[in-house]
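Note sheet for the following structure.
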Amino acid sequence: MAQQNVLLVGGAGAQGVPIVQALSSDSKYSIRVLTRNPDSETAKALLKLPNVSLIQGDASTEADLRNAFKDIDLAFVNTNSSALGIRSEIFWGTRIFEIAVQSGVKHYVWSALEDAMLLSGYDEACRVGHYEGKSRVTNWMKSRPQEPMKWSVITTGPYVEMLHELLRPEREEDGTWVFKYPLKDGAVPFVHLEDVGKGVKWLFDHPEEAAGFNLKMSVEHASGETLVKAFETITGQPARYESISTEDWIATGGPGPKDHRIGSFHPGNTADDPTALTIGENFGNWWHLYQRSAGNKGLLRADYEWLDKNLPDRVTSVEEWMRKVGYTGERRNVLKNYNGR
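Those letters in the sequence shown? Residues 1 to 341, by full-length UniProt numbering.
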């Protein structure tokens with residue numbers, strides 16, 4: 001089989017790196033990663049993998065995109081919601097797709113999030129910026145045919161690796177680790193980054209089955225008590241779950257200043273952009289999604305039967321992931337700055 005050239009937009013990000021690793025393990029794929037900074041430590045590490053090359057450019061610059069898409073057969077695209085904001089992500093999500101078609105790409109995979117507004121019956125309390133932008137692009141793609149370019153979607157969610165930083169527990173003076181979230185009795189359908197790589201590779205390996213398919217990744221729907229049980233089992237240390245208000249979480253452990261408008265640093269956006277949500281608005285609503293998703297029976301759901309059948313070597317529980325990474329609750333950096341810088 002002739003080697004296929006794959007472009008990854010977002011390939012040097014937290015989600016992109018394990019996809020590069022998964023594809024580079026198969027000699028039938030030659031991977032090109034679009035990056036603004038080829039001298040970064042992440043970019044240099046990717047170059048050490050087999051069949052990987054870098055191309056410098058910006059995913060929100062047409063000339064750079066057209067250059068990156070030259071002679072490309074397959075593409076994976078994950079735009080940076082935190083940097084773009086809702087309006088710019090919708091524009092670039094659809095525009096990159098069009099440029100891929102014009103460039104002769106045969107199979108295109110879009111990294112998405114669930115359409116939470118639709119699933120909630122358009123409840124404003126479930127309006128989350130990064131879910132909004134990515135899901136609107138998905139819905140636009142559904143109106144596009146599978147010719148001349150096949151397309152697929154991989155839908156993710158909160159990374160279980162966020163337990164290393166944004167969602168890590170606090171240790172109290174008596175040694176008890178406390179998972180403090182505004183989750184109430186809900187559950188988070190965590191996604192393991194390494195498994196996202198496996199999922200994207202499955203889509204590229206099965207182009208006929210994958211055409212028009214939305215692969216929804218998940219480890220398990222984990223409640224606060226699920227996290228406590230897993231942590232105590234793996235570490236042997238005491239832990240408990242404490243449900244707190246969204247205001248307290250954003251003030252004490254959230255992803256940034258509550259009044260910062262997401263995407264306001266991106267060229268063309270402004271600090272008072274009416275289409276942008278503040279961190280407080282966005283992540284306050286973000287928790288509403290998981291409060292309503294307990295037991296895989298609520299708002300956000302996953303087809304675990306399909307995942308078990310087609311990705312049998314994926315991580316299937318938070319406890320399994322903690323054991324795999326030797327989780328201790330200590331901080332480990334995974335994600336980039338949430339304000340888009």
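Beta carbons: idealized from backbone N, C-alpha and C, even for Gly.
message = With a threshold of 8 Å, are at least 3 pairs of Cβ atoms found where one atom belongs to the segment 206-215 and the other to the segment 313-333?
response = no
query = For the beta strand (DSSP E) that residue 4 lies in, which residues bound it at each end?
reply = 4-9
query = Along the chain, which unbroken stretches of the beta strand (DSSP E) at least 3 residues long are found entirely within the segment 180-212?
reply = none
key: Close beta carbons around residue 68, own chain, < 8 Å, minus the five adjacent residues each side   = 7, 9, 32, 34, 55 and 57
message = Taking the alpha carbon of residue 222 as the reference point, which residue from 241, 113 and 139 has its own alpha carbon closest?
response = 241
query = So what's residue 166 in DSSP terms, helix, strand or just coil?
reply = coil
request  = Indicate the three-state DSSP secondary structure (helix, strand or coil) for residue 337 in the structure shown.
outcome  = Residue confidence for residue 337 is low, a pLDDT of 44 falling below 50, so the modelled location carries little weight and cannot support an answer.
task = May I ask you to verify whether the segment 219-234 touches the segment 253-271, counting CB pairs closer than 8 Å and requiring at least 3?
result = no
task = Count the other C-beta atoms from every protein chain shown that fall within 10 angstroms of the C-beta of residue 116, then say buried if there are 16 or more, exposed otherwise.
result = buried
message = In chain order, what are the residue ranges of uninterrupted alpha helix (DSSP H) at least 4 long that sit wholly in the segment 77-142?
response = 81-102, 116-119 and 129-141
message = Suppose the cutoff is 7 Å on Cβ atoms and the five residues either side in sequence are ignored; what does the same chain contact list for residue 172 look like?
response = 178
request  = Would you tell me roughly how many angstroms separate the C-alpha atoms of residue 91 and residue 140, rounded to the nearest one?
outcome  = 11 Å
message = Taking 8 Å as the cut-off, does the segment 76-83 touch the segment 35-47 (at least 3 CB pairs, one atom from each stretch)?
response = no
task = Whole angstroms is fine: what's the gap from residue 200's alpha carbon to residue 193's?
result = 11 Å
message = Within 10 Å of its beta-carbon, does residue 332 have 16 or more other beta-carbons around it, so buried, or fewer, so exposed?
response = exposed
query = Quick one, are the C-beta atoms of residue 263 and residue 72 less than 9 Å apart?
reply = no
request  = Helix, strand or coil for residue 331, going by three-state DSSP, please let me know.
outcome  = coil
Closest by C-alpha distance to residue 135, when choosing among 89, 98, 96 and 26 = 89
ask   = Using the beta-carbon count (16 or more within 10 Å), is residue 176 buried or exposed?
value = exposed
message = From the DSSP secondary-structure annotation, give me the bridge partner or partners of residue 214.
response = 153
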